[in-house]
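Written below as structure tokens is the structure these notes are about.
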Ligand SMILES: NC(=O)c1ccc[n+]([C@@H]2O[C@H](COP(=O)([O-])OP(=O)(O)OC[C@H]3O[C@@H](n4cnc5c(N)ncnc54)[C@H](O)[C@@H]3O)[C@@H](O)[C@H]2O)c1
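In the working numbering, the protein residues as written are 46 to 414.
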């Protein structure tokens with residue numbers, strides 16, 4: 046019995062549970078989410094589990110991966126966890142076979158621009174070589190749909206007066222991170238063109254929301270503000286990002302996975318351009334911290350000045366729009382971090398790494414059972 050993901054999208058969780066029961070856990074769709082222990086991946090896993098699919102998370106648990114992001118979600122039945130790297134072809138193939146994977150969403154990546162400037166190698170290995178391994182396995186094993194999660198940063202930087210990016214704006218990546226993501230996007234296109242793989246690329250502007258690793262701009266500012274620590278801001282702080290709540294992004298990814306045609310590219314954005322200084326100022330207000338904590342530090346080399354996204358294409362093709370206003374989403378996010386201090390304190394203290402190595406020692410525990 047085939048049940049579509051989006052058939053259930055507008056329905057409530059109770060209805061999903063009823064349908065699930067009627068499926069007797071014989072899963073029609075099994076979605077492999079690589080990088081599912083990261084920020085967007087773990088939020089996407091929760092979205093997927095509201096529909097009658099099984100989810101397999103394959104994650105290397107790098108410094109950015111965190112099993113606590115999937116607390117209460119992994120049950121070994123509907124949601125299975127496998128530790129390992131997407132660069133390990135035999136592990137990926139074995140995972141696909143063991144769990145009869147039908148759909149693959151690649152969220153696994155090295156994702157922090159600053160780190161790519163210091164050492165680009167892990168970015169090339171995971172974001173480019175790892176993606177190619179997934180594409181090869183997907184083709185060989187007849188995976189029905191492949192979705193590559195990418196970024197608007199592949200388009201480079203805009204000036205204050207430029208038109209926002211649109212889906213087919215030229216690719217002009219400007220950091221090792223965005224260059225590696227652009228390369229992966231091209232490999233996906235090549236797999237569609239050469240091998241007829243049913244693959245889709247989604248690109249998105251800057252995400253914020255729960256479970257984001259506190260080295261990224263918004264969670265870093267929130268946890269520092271909550272701890273009365275310094276709020277370091279690059280250069281003049283006038284860099285502009287188009288912020289989108291992670292739930293809006295995940296909703297778009299689910300629609301693209303369901304309705305996208307091979308070779309499609311979908312561009313999501315939040316329609317919420319804000320300067321870094323404006324965002325920090327609002328976080329200071331929401332946390333009750335002192336504005337004197339804001340410190341201007343030397344700018345990042347090659348720092349992109351502005352990202353902005355025109356979402357009219359996805360409004361037309363997928364009927365998707367961002368629905369969470371930035372002010373509301375930011376307030377909710379600040380509240381989430383305030384209420385989940387044990388989550389981020391464990392990360393900052395390194396406590397969770399000890400737990401991970403004890404629970405899922407690498408690399409031998411990477412094999413699916
Ligand atoms: N965060 C954003 O604002 C944003 C915006 C647009 C697109 N994206 C893209 O979305 C995806 C997810 O981003 P995120 O912010 O959740 O990143 P993240 O850094 O929070 O998570 C990445 C996850 O990938 C895992 N990982 C890293 N290397 C791996 C490997 N070799 N094999 C298996 N797992 C590995 C990490 O352990 C981690 O769990 C990335 O592809 C990123 O480029 C992010």
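Every residue gets a Cβ at the ideal spot worked out from N, C-alpha and C, and that includes glycine.
Burial state of residue i, where buried means 16 or more other Cβ atoms lie within 10 Å
{"i": "residue 156", "result": "buried"}
{"i": "residue 217", "result": "exposed"}
{"i": "residue 69", "result": "Note that residue 69 scores 35 on pLDDT, short of 50, meaning its location in the model is unreliable; the coordinates nonetheless yield the value given after this. By the 10 Å Cβ count, residue 69 comes out exposed."}
{"i": "residue 342", "result": "exposed"}
{"i": "residue 291", "result": "buried"}
{"i": "residue 145", "result": "exposed"}
{"i": "residue 368", "result": "exposed"}
{"i": "residue 380", "result": "exposed"}
{"i": "residue 336", "result": "exposed"}
{"i": "residue 52", "result": "Residue placement at residue 52 is flagged as unreliable, the pLDDT there being 34, under the threshold of 50; the coordinate-derived value follows with that caveat. Under this definition residue 52 is an exposed residue."}
{"i": "residue 97", "result": "buried"}
{"i": "residue 410", "result": "Its pLDDT being 40, under 50, residue 410 is placed unreliably in this model, and the value from its coordinates should be taken loosely. By the 10 Å Cβ count, residue 410 comes out exposed."}
{"i": "residue 140", "result": "buried"}
{"i": "residue 109", "result": "buried"}
{"i": "residue 393", "result": "exposed"}
{"i": "residue 385", "result": "exposed"}
{"i": "residue 116", "result": "exposed"}
{"i": "residue 185", "result": "exposed"}
{"i": "residue 56", "result": "Residue placement at residue 56 cannot be trusted, given a pLDDT of 35 that sits under 50; the coordinates are not used to answer."}
{"i": "residue 399", "result": "exposed"}
{"i": "residue 416", "result": "This structure cannot settle anything about residue 416, because the visible part of the chain is limited to 46 through 414."}
{"i": "residue 273", "result": "exposed"}
Heavy atom of ligand 1 within 7 Å of residue i beta-carbon
{"i": "residue 249", "result": "yes"}
{"i": "residue 391", "result": "no"}
{"i": "residue 107", "result": "yes"}
{"i": "residue 124", "result": "no"}
{"i": "residue 79", "result": "yes"}
{"i": "residue 299", "result": "no"}
{"i": "residue 112", "result": "no"}
{"i": "residue 152", "result": "yes"}
{"i": "residue 360", "result": "no"}
{"i": "residue 155", "result": "yes"}
{"i": "residue 245", "result": "no"}
{"i": "residue 195", "result": "yes"}
{"i": "residue 86", "result": "yes"}
{"i": "residue 353", "result": "no"}
{"i": "residue 226", "result": "yes"}
Beta-carbon gap between residue i and residue j smaller than 8 Å
{"i": "residue 284", "j": "residue 321", "result": "yes"}
{"i": "residue 73", "j": "residue 90", "result": "no"}
{"i": "residue 277", "j": "residue 268", "result": "no"}
{"i": "residue 345", "j": "residue 159", "result": "yes"}
{"i": "residue 354", "j": "residue 207", "result": "no"}
{"i": "residue 297", "j": "residue 363", "result": "yes"}
{"i": "residue 237", "j": "residue 228", "result": "no"}
{"i": "residue 85", "j": "residue 103", "result": "no"}
{"i": "residue 314", "j": "residue 289", "result": "yes"}
{"i": "residue 247", "j": "residue 183", "result": "no"}
{"i": "residue 124", "j": "residue 150", "result": "no"}
{"i": "residue 230", "j": "residue 177", "result": "no"}
{"i": "residue 202", "j": "residue 225", "result": "no"}
{"i": "residue 242", "j": "residue 210", "result": "no"}
{"i": "residue 187", "j": "residue 308", "result": "no"}
{"i": "residue 299", "j": "residue 92", "result": "yes"}
{"i": "residue 135", "j": "residue 221", "result": "no"}
{"i": "residue 82", "j": "residue 391", "result": "no"}
Cβ-heavy atom distance, residue i to ligand 2, below 7 Å
{"i": "residue 104", "result": "Questions concerning ligand 2 fall outside what the structure shown contains, since the ligands it does hold are ligand 1."}
CB contact check: residue i to chain D, cutoff 8 Å
{"i": "residue 106", "result": "Considering every chain present, this structure includes no chain D. It has just one protein chain."}
Note down, one range per segment and in chain order, each alpha helix (DSSP H) of at least 4 residues found wholly within the region 194 to 260.
-> 221 to 240
Could you tell me which uninterrupted beta strand (DSSP E) segments, each at least 3 residues in length, are contained entirely in the region 113 to 147, listed from first to last along the chain?
-> 124 to 128
Identify every run of the beta strand (DSSP E) within the region 294 to 367, keeping only runs that are complete inside it and at least 3 residues long; order them along the chain.
-> 310 to 313, 318 to 320 and 339 to 342
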